[in-house]
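In our numbering, the protein residues as written are 103 to 603. Below: the structure, in structure tokens.
Next comes the structure, spelled out in structure tokens:
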């Protein structure tokens, strides 16, 4: 559902499959036949239960390219909290898996439902219930699109800061379920910093009101923070109280710099961070990205004279009071790290410089099927992480162009490959060659070696669950399984996701 999904959705041209919607091996067997479960759902939610082939195909896929091996039981289009409670009660009583679903714009397979699961679609729950200028909060339903929310808030001079590239197609509920990030995280934070409270329906239909409306609140355990990023495995988010910011109206300066190689560009980004500067945007593209953008631009018959034939690109944007002085200092640090720099406060030129970042994904898709990954490392380790990716490419022969939210150390290694008919050896999905998945696994482990994490914003879903124990360790992994069991003792909420069950 949400996360830094590219402006052009990344849907591999192959149709790989992945297990989804399977109940854990030790979960109680269903106590009623699927036909009876369906009948109960249709009685409780007339007109909102869809078993058409089109609905089941929709339920069985997301923008990751993964498809469920077998069909879901149905797709239920919930219109109210009561609808969600009814679905969860029936699911709990009948031991039927439930997979929450928003816009399904995620790329980790987290919202894919199959094998007789109920796909619980929340897109119709898309109202803004309240906007309070005095308290700087909004209360919303989960299905509202991020972009639609901010267009409505702009009329009040307010803004919800999470800004994934998928904001025009991803839901707020999905952003929360994945703790989505984006281009502005280094300065304005990820989704967790912008959520005060949640309304959540548990697996048995119980409605919980978590968090608070006040700016501060430390009563009891912070279950709101626990729910954020839980990927639908602990409860179904049915409402959110969001912390808002005033719209930034003061100056904006954009700096674009080309570097001889990505290590030099990463060193420049590290120097900017070390200098105490906090740009609104700091994006880094390696040599392969710049080369792909150049070829893509030429193929469309457009002028590519501004792009070097070889080199990496660092984009920085400053805003607010002091933006001009901060931008000038950024330019100095880029030049000190061998960058060829262009600085502007002209909106048209700024669009040209930022436009290069928006071309990353379409330009790579033009080269073949892409597997978009998501790791994060401490910002000081960015140069070393890029160097490690280059070593993995050289050792495996797999192309892994890499873009990064350099301001927060979040990298997106993107493997380019030709799909194969049988890739069962990967244990992940048909279509991905074993050597590609091995190379990607090496990238994951390199990030962990450098003190980083498997995922900065896309979530674990299906794709990374086999690596989760490597990051958490046995003791924490077991504790997190117990947390899951405390919220969902029957194991029916989005089973088969996050944990390698």
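Note that beta-carbon positions come from the ideal geometry of N, C-alpha and C, so glycine has one too. Small disclaimer: the values here were computed from a predicted structure and weren't measured.
Of the listed residues the options, nearest to residue i (C-alpha basis)
i           : options               : result
residue 592 : 386, 197, 464 and 500 : 197
residue 185 : 340, 406, 272 and 418 : 340
residue 375 : 455, 428, 415 and 443 : 428
residue 604 : 541, 473 and 511      : Residue numbering for the chain in the displayed model covers 103 to 603; residue 604 lies beyond these limits and cannot be assessed.
residue 552 : 489, 499 and 559      : 489
residue 423 : 191, 351, 256 and 389 : 351
residue 548 : 469, 573 and 249      : 573
residue 268 : 255, 250, 257 and 256 : 250
residue 372 : 483, 143, 282 and 299 : 483
residue 476 : 158, 304 and 546      : 546
residue 248 : 215, 284 and 216      : 284
residue 646 : 433, 518, 453 and 451 : The requested residue 646 does not occur in the structure, where the chain is confined to residues 103 to 603.
residue 556 : 303, 393 and 474      : 474
residue 301 : 435, 338, 491 and 192 : 338
residue 330 : 354, 299, 305 and 360 : 299
residue 481 : 463, 312 and 508      : 508
Distance, residue j Cα to residue i Cα
i           : j           : result
residue 514 : residue 506 : 6 Å
residue 183 : residue 567 : 30 Å
residue 369 : residue 178 : 50 Å
residue 527 : residue 536 : Low confidence applies to residue 527: its pLDDT is 41, below 50, so where it sits in the model is not reliable, and the reading given next is rough at best. For residue 527 and residue 536, the distance between alpha carbons rounds to 6 Å.
residue 309 : residue 213 : 21 Å
residue 253 : residue 447 : 24 Å
residue 596 : residue 584 : 16 Å
residue 155 : residue 325 : 38 Å
residue 441 : residue 543 : 32 Å
residue 378 : residue 577 : 37 Å
residue 230 : residue 493 : 49 Å
residue 445 : residue 411 : 21 Å
residue 458 : residue 380 : 21 Å
residue 389 : residue 234 : 46 Å
residue 307 : residue 590 : 11 Å
residue 207 : residue 145 : 30 Å
residue 437 : residue 502 : 27 Å
residue 187 : residue 282 : 25 Å
residue 408 : residue 356 : 16 Å
residue 456 : residue 478 : 22 Å
residue 486 : residue 343 : 39 Å
residue 335 : residue 599 : 7 Å
residue 588 : residue 190 : 16 Å
residue 601 : residue 586 : 10 Å
residue 245 : residue 499 : 42 Å
residue 202 : residue 280 : 12 Å
residue 394 : residue 152 : 42 Å
residue 225 : residue 272 : 10 Å
residue 134 : residue 391 : 53 Å
residue 465 : residue 520 : 16 Å
residue 173 : residue 136 : 12 Å
residue 522 : residue 469 : 16 Å
residue 582 : residue 450 : 49 Å
residue 354 : residue 420 : 6 Å
residue 159 : residue 138 : 22 Å
residue 512 : residue 304 : 32 Å
Beta-bridge pairing of residue i - partner residues as DSSP gives them
i           : result
residue 361 : 414
residue 234 : 239
residue 348 : 260
residue 385 : 417 and 507
residue 537 : Bridge partners of residue 537: none, in fact.
residue 221 : 177 and 201
residue 354 : 421
residue 398 : Per DSSP, none; premise fails for residue 398.
residue 473 : 517
residue 571 : Answer is none; residue 571 lacks a bridge partner.
residue 608 : The chain is shown from 103 up to 603; residue 608 falls before or after that span and cannot be answered.
residue 478 : 512 and 555
residue 595 : 200
Task: Contiguous alpha helix (DSSP H) assignments of at least 4 residues, all confined to the stretch 146 to 197 - done: 155 to 161 and 183 to 196
Task: Residue ranges of each beta strand (DSSP E) within the stretch 237 to 264, 3 or longer - done: 239 to 242
Task: Every unbroken beta strand (DSSP E) inside the stretch 486 to 515 [3 residues or more] - done: 504 to 507
TODO: Specify whether the stretch 215 to 225 and the stretch 165 to 177 touch according to this definition: at least 3 beta carbon pairs, one from each stretch, less than 8 Å apart.
DONE: yes
Open item on the list: Tell me whether the stretch 362 to 382 and the stretch 253 to 264 touch, counting them as touching only if at least three CB pairs, one residue from each stretch, are closer than 8 Å.
Closed with: no
TODO: Note down, one range per segment and in chain order, each alpha helix (DSSP H) of at least 4 residues found wholly within the stretch 273 to 345.
DONE: 274 to 280, 287 to 290 and 325 to 329
Open item on the list: For the structure I just gave you, are there three or more beta carbon pairs, one from the stretch 162 to 173 and one from the stretch 239 to 256, closer than 8 Å?
Closed with: no
Open item on the list: Tell me whether the stretch 309 to 323 and the stretch 383 to 399 touch, counting them as touching only if at least three CB pairs, one residue from each stretch, are closer than 8 Å.
Closed with: no
Open item on the list: Below 8 Å, how does it come out for the stretch 380 to 391 and the stretch 414 to 426: are there three or more Cβ pairs, yes or no?
Closed with: Flag = yes, the stretch 380 to 391 and the stretch 414 to 426 touch.
Open item on the list: Contact between the stretch 311 to 318 and the stretch 404 to 412 is defined here as three or more beta-carbon pairs at a separation below 8 Å; is this criterion met?
Closed with: no
Open item on the list: Check whether the stretch 285 to 297 and the stretch 327 to 347 are in contact - that is, three or more C-beta pairs closer than 8 Å.
Closed with: yes
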